[in-house]
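*Asks:*
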Amino acid sequence: MSRWSYHLPILGYHRVGLFKGDHVPTVSAEAFERQLAWLSRRRYRVVGLEEVVACLEPGRAVPRRTTVITFDDGYEETHAVAWPLLKRFGFPATVFVTPSEVGLPGFATWEQVRAMAQDGMTIGSHTMHHSYLPLVPPERLPEELQDSKRTIEERIQRPVQFLSYPIGGFTPEVLRVAREAGYLAACTTNRAASLETVDRFALRRIKITDRDAHPLLLRAKLSGYYDLFRRLKQPQ
Ligand SMILES: [Zn+2]
């Protein structure tokens, strides 16, 4: 289901907290707080991914100043740093976790993931092993997509409806298996998908790093994204 349409800008975070000198895109707690304060001051509505899916339905108007907050990988700081700040602003968010990494050093534990879920955060799957899916043999895709979904559902006692592809990587076969596994939608990165269509199994995200600490840059990203999709909705 692809169509010309604007969809809501989805912010993609990884780690919020101290930079650990690794490859993980990191936003400091101060910068994250400033970004949330800016969204709040500008009266942005922060909604869940369900609303993005709803906005893809024919005839649905897309509200302005609406955004979605997501986190990949499920780092311990998502629980310790980002979650308390989100709660203070009353913003919902989605956290994509990888069952094989939950509880490892640096990652949130199942208890912490469950606590966030019980508090209204949406928990999604980021595959079983954090695999770059285009390189996974087709016979192993059900494990990455179905088994991860089921494992998380058992742990948090809630349905898991959303998926995030590690490094944004997917193929038509990956999309097919994700649909069959019963996901409602899936997120990629801002690079992976074609600019020509919006597909609920390839929702593009705006990657947020510490370079976006200045609220004006966040604003430029959000409005640029909006304008891009406005143009796509009404191609000249
Ligand atoms: Zn990841």
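Quick note: the sequence shown, position 144, residue 377 per our numbering, numbers continuous. Every residue, glycine too, gets a C-beta built ideally from N, C-alpha and C.
(1) My guess is that L455 and T300 are in contact by the Cβ rule of under 8 Å, so how many angstroms apart are they, rounded?
(2) What is the DSSP secondary structure of Q467, counted as helix, strand or coil?
(3) Any contact between the stretch 346 to 354 and the stretch 375 to 382? By contact I mean 3 or more CB pairs, one from each, below 8 Å.
(4) Along the chain, where does the alpha helix (DSSP H) that runs through S397 open and close?
(5) Starting from the N-terminal side, write out each stretch of the alpha helix (DSSP H) that is 4 residues or longer and does not extend beyond the stretch 281 to 341.
(6) Near ligand 1, which residues have their beta-carbon less than 6 Å from any of its heavy atoms, given in chain order?
(7) Do L366 and Y398 count as a contact pair if the criterion is CB distance below 8 Å?
(8) Are L251 and R433 closer than 8 Å when you measure CB to CB?
(9) Given this structure, state the Cα-to-Cα distance separating E387 from T360, to the nearest angstrom.
(10) If you follow the alpha helix (DSSP H) that L269 is in, where does it begin and where does it stop?
(11) Our contact map puts T422 next to I400 with C-beta atoms below 8 Å; I'd like the distance itself, whole angstroms only.
(12) Say the cut is 7 Å; is the CB of R248 nearer than that to a heavy atom of ligand 2?
(13) Considering only residues of the same chain and omitting the five flanking positions on each side of R298, which have a CB-CB separation below 6 Å?
(14) Just the C-alpha distance for L436 and V285, rounded to the nearest angstrom, thanks.
(15) Just curious, the beta strand (DSSP E) that L244 is in, first and last residue?
(16) Can you round the beta-carbon distance between T442 and P258 to whole angstroms, since I take them to be within the 8 Å contact cut?
*Replies:* With the structure as the only source:
(1) Within the sequence shown, numbered from 1, the residue matching residue 455 stands at position 222. Within the sequence shown, numbered from 1, the residue matching residue 300 stands at position 67. Their Cβ separation, rounded to whole angstroms, is 6 Å, which keeps L455 and T300 in contact under 8 Å.
(2) Taking the first residue of the sequence shown as position 1, residue 467 is located at position 234. Unreliable positioning characterises Q467 in this predicted model, as indicated by a pLDDT of 43, which lies under 50. The coordinate reading is nonetheless provided below. Note: Q467 maps to coil in three-state DSSP.
(3) no
(4) Along the sequence shown, read from residue 1 onward, the residue named residue 397 stands at position 164. Here S397 belongs to no alpha helix (DSSP H); instead the beta strand (DSSP E) covers F395 to S397.
(5) 282 to 288 and 316 to 322
(6) Taken from the N-terminal end onward, the list reads D305, D306, H359, H363 and P399.
(7) For this step, residue 398 is matched to residue 165 along the sequence shown. For this step, residue 366 is matched to residue 133 along the sequence shown. For Y398 and L366, yes; Cβs fall inside 8 Å.
(8) Working through the sequence shown from its first residue, we reach residue 251 at position 18. Working through the sequence shown from its first residue, we reach residue 433 at position 200. Result no, Cβ atoms of L251 and R433 do not sit closer than 8 Å.
(9) Position 154 of the sequence shown, counting from 1, holds the residue named residue 387. Position 127 of the sequence shown, counting from 1, holds the residue named residue 360. Distance between the alpha carbons of E387 and T360 is about 15 Å.
(10) To locate residue 269, count along the sequence shown from 1; it is residue 36. Start and end: A262 to R274.
(11) Numbered from its first residue, the sequence shown carries residue 422 at position 189. Numbered from its first residue, the sequence shown carries residue 400 at position 167. About 7 Å; that satisfies the 8 Å criterion.
(12) Within the structure as shown, ligand 2 is missing, the only ligands being ligand 1.
(13) Position 65 of the sequence shown, counted from the start, is the residue given in the question as residue 298. Cβ within range, chain order: Y277.
(14) Within the sequence shown, numbered from 1, the residue matching residue 436 stands at position 203. Within the sequence shown, numbered from 1, the residue matching residue 285 stands at position 52. The straight-line gap from Cα to Cα measures roughly 9 Å.
(15) Within the sequence shown, the letter at position 11 stands for residue 244. Unbroken beta strand (DSSP E) run through L244: I243 to Y246.
(16) On the sequence shown, residue 442 is found 209 positions in, with the first residue counted as 1. On the sequence shown, residue 258 is found 25 positions in, with the first residue counted as 1. With a contact defined as Cβ atoms closer than 8 Å, T442 and P258 qualify at about 5 Å.
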